[in-house]
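Undergrad: Quick one: the structure is below, and I'll ask about it shortly.
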């Protein structure tokens, strides 16, 4: 957007003061939301993690049930082989064949014992996994309930303040568009962003910077009162203004 005119230093300082007032009101509105946006994001991340955990437990239980089925088939086949070998013992022709069948029967009994052990281990693992699954589902249910409440609170606050915030942002955007010193505007924004209280421009109060409270030399105080050039605090980098140019009574 084209700048309408070239501002004097005093006009620039007044414009920055007006811009800061608008942006501080936007900050106030955002403060009303408090930690809710972060809490909502944290809950959504936690829910995503719990959903992944629940899916993993379901997969583990499915795999364990498959193991039980597989080992049951192994045991069933081994039992069938035992029956076969036992019947074959009635028709052996010599001791060598009989001994061979005895060893095969013993081997199949071992297969059954191993299969039963794997089945029992899988059943115990299912019990533990089911407990973990139920705990994760309960936690997931609680998180979803809390998230719904937090989102409701946040949506209510946003609905109450959204229109005001949009108007303020539009007003700030128009004011920035008219500003004739882009470097000063960007310096103000950087300082404001780095300041904990969001103030990039502060009054001179009691001969000190209103941001960091360091004393300002007398010569610089005089320059600030003349409104002829932009003076920056040498300690905190904030832009310093004479409160009287914005209608504030000096201390």
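Numbering (the working numbering), first residue to last: 966 to 1216.
All residues carry an ideal CB built from backbone N, CA and C; glycine is no exception.
From a predicted model like this one, the values you see are computed outputs, not experimental measurements.
Measure how close the beta-carbons of residue 1040 and residue 1090 come, nearest whole angstrom, since I'm counting them as under 8 angstroms.
TA: So it is not a contact: roughly 18 angstroms between Cβ atoms.
Undergrad: Look up residue 1169 in the DSSP assignment and say whether it is helix, strand or coil.
TA: Residue 1169: strand per DSSP, three-state reduction.
Undergrad: So for residue 1180, helix, strand or coil by DSSP?
TA: Three-state DSSP puts residue 1180 in a strand.
Undergrad: How far does the alpha helix (DSSP H) with residue 1075 in it extend, from its first residue to its last?
TA: Unbroken alpha helix (DSSP H) run through residue 1075: 1060 to 1143.
Undergrad: State buried or exposed for residue 967, treating a residue as buried only when at least 16 other CB atoms are found within 10 Å of its CB.
TA: Legend: pLDDT at residue 967 = 48, less than 50; position of this residue unreliable, no value from coordinates given.
Undergrad: Taking the straight line between their C-alpha atoms, what separation do you get for residue 1064 and residue 1032?
TA: In a straight line, the C-alpha of residue 1064 is about 33 angstroms away from that of residue 1032.
Undergrad: Hey, would you say residue 1015 sits closer than 9 angstroms to residue 1073, going by beta carbons?
TA: Cβ distance not < 9 angstroms, so residue 1015 and residue 1073 don't count as in contact.
Undergrad: Do residue 1126 and residue 1003 have their beta-carbon atoms positioned less than 9 angstroms apart in this structure?
TA: Not a contact, by the Cβ cut-off of 9 angstroms.
Undergrad: Measure the C-alpha to C-alpha separation of residue 1075 and residue 1009 and round it to an integer number of angstroms.
TA: Near 51 angstroms, if we compare the C-alpha coordinates of residue 1009 and residue 1075.
Undergrad: Among all the DSSP beta bridges, which residues are the ones paired with residue 1174?
TA: Residue 1174 pairs with 1169.
Undergrad: Using the C-alpha atoms, what's the distance from residue 1110 back to residue 1048?
TA: Rounded to whole angstroms, residue 1048 to residue 1110 spans 59 angstroms at the Cα level.
Undergrad: Going by DSSP in three states, residue 1205 sits in which element: helix, strand or coil?
TA: Looking at residue 1205 - three-state DSSP - the assignment turns out to be strand.
Undergrad: Just how far apart, CA to CA, sit residue 1135 and residue 1021?
TA: So the two alpha carbons sit approximately 48 angstroms from each other.
Undergrad: Where does residue 1195 fall in DSSP's three states?
TA: In the structure shown, residue 1195 sits in coil (DSSP, three-state: anything other than H, G, I, E or B).
Undergrad: From residue 1155 to residue 1165, what distance separates their C-alpha atoms?
TA: The alpha-carbon atoms of residue 1155 and residue 1165 are separated by roughly 8 angstroms.
Undergrad: Excluding five sequence neighbours on each side, which residues of the same chain lie with their C-beta closer than 7 angstroms to the C-beta of residue 1153?
TA: For residue 1153, where only same-chain residues beyond five positions count, the Cβ hits under 7 angstroms are 981, 1165, 1166, 1204.
Undergrad: Are there 16 or more other CB atoms within 10 angstroms of the CB of residue 1087, so buried, or fewer, so exposed?
TA: By the neighbour-count rule (16 or more Cβ atoms within 10 Å), residue 1087 is buried.
Undergrad: Are the beta-carbon atoms of residue 1183 and residue 1172 separated by less than 9 angstroms?
TA: Yes.
Undergrad: Do you know how far the Cα of residue 1095 is from the Cα of residue 1133?
TA: The straight-line gap from Cα to Cα measures roughly 54 angstroms.
Undergrad: Taking 9 angstroms as the threshold (C-beta atoms), are residue 1198 and residue 1181 in contact?
TA: Closer than 9 angstroms, so yes.
Undergrad: Quick one: what's got a C-beta closer than 7 angstroms to residue 1137's C-beta in the same chain, skipping five residues either side?
TA: For residue 1137, where only same-chain residues beyond five positions count, the Cβ hits under 7 angstroms are 984, 987, 988.
Undergrad: Work out the CA separation of residue 1029 and residue 1085 for me, nearest whole Å.
TA: Those two C-alpha atoms are separated by around 11 angstroms.
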